[in-house]
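Here the structure comes first, spelled out in structure tokens, and everything after it is commentary.
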Amino acid sequence: ILTKGLVALLLRVFSNRTPQEIIDAATQFIDEIGLKEHLSPPRANGLVSMIKQLKLYALAFQAKLA
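To convert, take the position in the sequence shown, counting from 1, and add 457; that gives the working numbering.
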């Protein structure tokens, strides 16, 4: 259930954004709201990995459009 919540959070942040906006997105909000403090290290690493993967997908999509 926690993983679904993290995905829902990322969907809320990144939905309806252009690939460039996703690539340029500052994700320090995760630290600012203190979310990482409430996650186990594997969950926090998973969240970081999801963000990196989203940015890689956005980069690949942007390259495909060019």
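Glycine residues also receive a C-beta, built at the ideal position from the N, C-alpha and C atoms.
CA-to-CA distance, residue j to residue i, given in whole angstroms
i	j	result
LEU459	GLN519	30 Å
ARG474	ASP481	11 Å
ILE490	LEU463	14 Å
SER506	LEU513	10 Å
PRO498	ILE508	15 Å
ALA523	PRO476	12 Å
Beta-carbon spacing of residue i, residue j below 8 Å
i	j	result
LEU511	LEU467	yes
LYS493	ALA501	yes
LEU516	LEU504	no
LEU486	ILE479	For the record, residue 486 in the displayed sequence is Phe; it is not Leu. Going by C-beta atoms, PHE486 is not nearer than 8 Å to ILE479.
For residue i, three-class secondary structure by DSSP
i	result
LEU463	helix
LEU468	helix
Bounding residues of the alpha helix (DSSP H) (the contiguous stretch that carries residue i)
i	result
LYS521	498 to 522
GLN477	476 to 481
GLU489	486 to 489
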